[in-house]
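Engineer: Below you'll find the structure I mean.
There are 2 protein chains.
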Amino acid sequence: MNDKVVAGIDIGGTKIAVALETHEGERVAARRLPTEVELGPERILENVSRSVEEMLAETGTTLTAIGIGCPGPIDIERGLALSPTNLPEWIDFPLVDTIKNRFHAPTVLDNDANAAALGEYFYGAGRGFKDILYVTISTGIGGAIVCEGQIHHGVGASAGEVGHTIVKPDGLLCLCGTHGCLETIASGLSIARRMRETLAASNGKATGNLDEITAQTVVEAVKNGDETAQNIWDETIKFLAIGIGNAITLIAPEAVVIGGGVSEAGELLLEPLRREIGKNVTMLPIEDVQILKASLGSESGVCGALILARHALKKMHENVY
Amino acid sequence: MNDKVVAGIDIGGTKIAVALETHEGERVAARRLPTEVELGPERILENVSRSVEEMLAETGTTLTAIGIGCPGPIDIERGLALSPTNLPEWIDFPLVDTIKNRFHAPTVLDNDANAAALGEYFYGAGRGFKDILYVTISTGIGGAIVCEGQIHHGVGASAGEVGHTIVKPDGLLCLCGTHGCLETIASGLSIARRMRETLAASNGKATGNLDEITAQTVVEAVKNGDETAQNIWDETIKFLAIGIGNAITLIAPEAVVIGGGVSEAGELLLEPLRREIGKNVTMLPIEDVQILKASLGSESGVCGALILARHALKKMHENVY
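From first to last, the protein sequence lines are chains A and B.
Reading the first sequence from the start, the letters are residues 1 to 321 in our numbering.
Reading the second sequence from the start, the letters are residues 1001 to 1321 in our numbering.
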């Protein structure tokens, strides 16, 4: 008899990761495909499905459940992608039905930040904690709450959006429509924008092409002792410590796991962030809240999708027995 | 055979409320005693215990479990009061053991805000919702999260402290030790202080004794069309909408229930608060989050203590069977 496996599918704007894992938790196959956005959702899903079929054939395994992570907004209940920014053509696209009808296996969808949070909770830096706040600082700032192994979805399945908490009253207008969100200061795009603006304002002292500045450039400049970059970075830390600190004061999680491109700055980010959060959080023993870098990198999403598949399997068994 | 009842004890700085309820949920007796702080914890607890015994005798009932709400800080695990501000002599006082040894019944302790939140969730404005954020705006600002019938305690049993989230970076120093907490702007004490400061600064235009100004005075002045009071109130609403809005963005609860003395302002508070929160919360359908006035008034604590007693009973049964 074939080994039974679950499949995880992590759909991103540029890449799609797929993995198979046995019911015992052994990874038996994994692949990455480019997201050929121009092909449209049907063709892309067809390619993903064919990949899964090939992996099943190669490993001689039987598929029992599928988990999918996809950029939001999504409709979890109905299993739809609702034209994510990176996948604008996916308008009310029936992601779950498309996959479920192909494989005749229970299929669960969640957004990419929630999937990544589950991945870190079960396989990564969040292992062993009762609950975690996951924060991803990349182009934007996303977040998710995992409590006793389950995503806390909340109204609109949107809980954990620390990037859109207001940390600077009457601050800059955010893409979300309100003013002074954490994302307007501390996202990768905002860090780069603030650096560009500061340099442009400093009367031509700047050399090089301002357009090429990214959050990574700023981090490199901090490491090289650049004073302007250090000021930008200090302000980034200050507001991250307010936003994440507020989330800790509200949720009191055992750990905060920080992923996304900006977290690659490592201790340059975490050391001052822990210190500033320590000043901002006064209602609980902050030394009991671990503030950690995510450990799975780009694997967190597909790991989380595998957990979603396990949830689908468990739910089916609960309904049957 | 005697009817079985649970007891709820709500310890406050000025009053203690006690109630008995049958296992079927019928309230059979209730009393209020003054908190004679000068007697010290042992004597006070002796008086409370005697009250419970009298109520049991009068109603011919048998006590099966006890729930206690007490101002924080407390140690829930060990059942201790840790010298609350209003009860400074209660230093590491073994509240749970004292009551448990007297009545030989399972006894559970939680802090007063958590107890009030449970009360509103099961008996008050929070009924019928999956999860709520409870906010109490009185002298200070407290809060609690109830999720599927249980308090979300978190690290240090301190989750839900919306009053100590930072809403004004580099703002006033709070008693908690950090700067710009919501409590420094929008608590009853802070509303009154801001009004006093504004009047004192307005070059002797003020009449009457500034020391007599309370949050209630400010609310009355707003109702009477006083412009200074209106400005103070608008700023109060603005920052409450940031703090509570941020909590909604993070937790996405089905309802926010607002209690405490300042909530007695009713729609004068709630109507503009809903409008401003609507502007601040962009990541979820805010019309699906109810923002409500607490409905139990000073009864919320003892109602919640009765729920704590039921939790104690349930836990005992789970351990036995």
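Cβ atoms here follow ideal geometry from the backbone N, Cα and C, with glycine treated the same way.
1. Counting only beta-carbon atoms, is A:A125 nearer than 9 Å to chain B?
2. List the residues that DSSP assigns as beta-bridge partners of B:P1034.
3. Based on DSSP bridge pairs, tell me the residues matched to A:V108.
4. Could one say the Cβ of B:T1198 lies closer than 9 Å to chain A's Cβ atoms, at least one of them?
5. Below 7 Å CB to CB, which residues in the same chain sit around B:Y1123 once its five sequence neighbours on both sides are set aside?
6. For A:T62, does the count of other Cβ atoms within 10 angstroms reach 16, so buried, or fall short, so exposed?
7. B:E1021 bridges to which residues according to DSSP?
8. So with Cβ pairs under 9 Å, would you call A:A116 a contact of chain B?
9. Assign A:E38 to buried or exposed, taking buried as 16 or more other Cβ atoms, counted over all protein chains shown, within 10 Å of its Cβ.
10. Please identify, using Cβ separations under 8 Å, the residues of the region 1252-1274 of chain B that lie next to chain A, in order along the chain.
11. When the Cα atoms are used, what is the spatial distance from B:N1101 to A:K130?
12. For the 8 Å Cβ check, are there 3 or more pairs between the region 270-285 of chain A and the region 57-74 of chain A?
13. Since B:G1124 is in the alpha helix (DSSP H), which residue starts that stretch and which ends it?
14. Using alpha carbons as the reference points, say which of A:R196, A:E220, A:A252 and A:I213 lies closest to A:V146.
15. Grouping DSSP H, G and I as helix and E and B as strand, with all else coil, what is B:D1075?
16. Between A:G188 and A:V262, how many whole angstroms is the CB-CB distance? I'm expecting something under 8 Å.
17. For the region 1001-1011 of chain B and the region 112-122 of chain A, state whether three or more C-beta atom pairs, one from each stretch, are separated by less than 8 Å.
18. Identify every run of the alpha helix (DSSP H) within the region 193-253 of chain A, keeping only runs that are complete inside it and at least 4 residues long; order them along the chain.
19. With a threshold of 16 other CB atoms inside 10 Å of the CB of B:H1023, please say whether the residue is buried or exposed.
20. Does the Cβ of B:T1014 have 16 or more other Cβ atoms within 10 Å, making it buried, or fewer, making it exposed?
21. Give me the Cα-Cα distance between B:E1240 and B:A1186, rounded to the nearest whole angstrom.
22. Helix, strand or coil: which one does DSSP assign to A:A117?
23. By the 7 Å beta-carbon criterion, what residues does the region 147-166 of chain A contribute toward chain B?
24. Who are the neighbours of A:K168 on chain B, taking C-beta pairs under 8 Å?
25. Using 9 Å as the threshold, is the C-beta distance between A:I258 and A:L270 below it?
26. Identify the contact partners of A:I242 in chain B, using a Cβ-Cβ distance below 7 Å as the criterion.
27. Buried or exposed for A:K238, please, with buried defined as at least 16 other CB atoms from any protein chain shown within 10 angstroms of its CB.
28. Check whether chain A comes within 9 Å of B:P1285, counting only Cβ atoms and requiring the distance to be less than that.
29. Based on the DSSP output, what are the partners of B:C1147 in its beta bridges?
30. So, is A:R43 buried or exposed, given that buried needs 16 or more other C-beta atoms within 10 angstroms?
31. Using DSSP with H/G/I as helix, E/B as strand and the rest coil, what is A:I291?
32. DSSP state of A:V52, grouped into three classes?
33. Based on DSSP bridge pairs, tell me the residues matched to B:V1096.
34. Smallest Cα separation from A:L33: which of A:A19, A:I291 and A:I307?
35. Residue range of the beta strand (DSSP E) that B:G1266 falls in?
36. By the criterion of Cβ-Cβ separation under 9 Å, what are the contact partners of B:C1303 in chain A?
Structural biologist: If we stick to the structure as given:
1. Interface criterion not met: the Cβ of A:A125 is under 9 Å from no Cβ in chain B.
2. In the DSSP output, where bridge partners are listed per residue, B:P1034 has B:K1015.
3. In DSSP, A:V108 forms a bridge with A:G67.
4. Interface residue (Cβ-Cβ distance to chain A less than 9 Å): B:T1198 is not classified as such.
5. Take B:Y1123, set aside five residues on each side of it, and the residues of its chain with a beta-carbon closer than 7 Å to its own are L1296 and C1303, in chain order.
6. With fewer than 16 other Cβ atoms within 10 Å, it is exposed.
7. Residue pairing from DSSP places B:E1021 in a beta bridge opposite B:V1006 and B:R1027.
8. Answer no: the Cβ-Cβ gap between A:A116 and chain B never drops below 9 Å.
9. Burial is judged here by how many other beta carbons sit within 10 angstroms of a residue's own beta carbon; A:E38 has fewer than 16 and is exposed.
10. Within the region 1252-1274 of chain B, the qualifying residues are A1252, P1253 and E1254.
11. C-alpha separation (whole angstroms): 32 Å.
12. A contact between stretches requires three or more CB pairs, one per stretch, nearer than 8 Å, and the region 270-285 of chain A fails this requirement with the region 57-74 of chain A.
13. Where B:G1124 is concerned, there is no enclosing alpha helix (DSSP H), given that its DSSP letter is neither H nor E.
14. It is A:A252 whose Cα lies nearest to the Cα of A:V146.
15. Three-state result, B:D1075: strand.
16. Contact holds; Cβ gap of about 5 Å.
17. Too few Cβ pairs lie closer than 8 Å, so no.
18. Counting only runs that start and end inside the region 193-253 of chain A, the alpha helix (DSSP H) elements of at least 4 residues fall at 215-223 and 227-251.
19. By the neighbour-count criterion, in which 16 or more other beta carbons inside 10 Å mark a residue as buried, B:H1023 falls on the exposed side.
20. Classification for B:T1014: exposed.
21. In the sequence as presented, Glu is not what sits at residue 1240 of chain B; that position holds Leu. In a straight line, the C-alpha of B:L1240 is about 7 Å away from that of B:A1186.
22. When secondary structure is reduced to three states using DSSP, A:A117 falls in the helix class.
23. Those residues of the region 147-166 of chain A that come within reach of chain B (Cβ to Cβ, closer than 7 Å) are G154, V155, G156, S158, A159, G160, E161, V162, H164, T165 and I166.
24. Proximity of chain B to A:K168 at the Cβ level (cut-off 8 Å) is accounted for by P1169, in chain order.
25. In contact: A:I258 and A:L270 (Cβ atoms closer than 9 Å).
26. Those within 7 Å of A:I242 in chain B are I1166 and P1169.
27. Counting Cβ neighbours within 10 Å, A:K238 comes out buried, since at least 16 surround it.
28. At least one chain A Cβ lies under 9 Å of B:P1285.
29. When DSSP reads this structure, B:C1147 sits in a beta bridge with B:D1131 and B:Q1150.
30. Result: exposed.
31. Strand, per DSSP.
32. Three-state result, A:V52: helix.
33. Residue pairing by DSSP places B:V1096 in no beta bridge whatsoever.
34. For A:L33, the nearest C-alpha among the options comes from A:A19.
35. Counting along the chain, no beta strand (DSSP E) covers B:G1266, and no H or E run does either.
36. Within 9 Å Cβ-Cβ: nothing; B:C1303 doesn't reach chain A, min ~24 Å.
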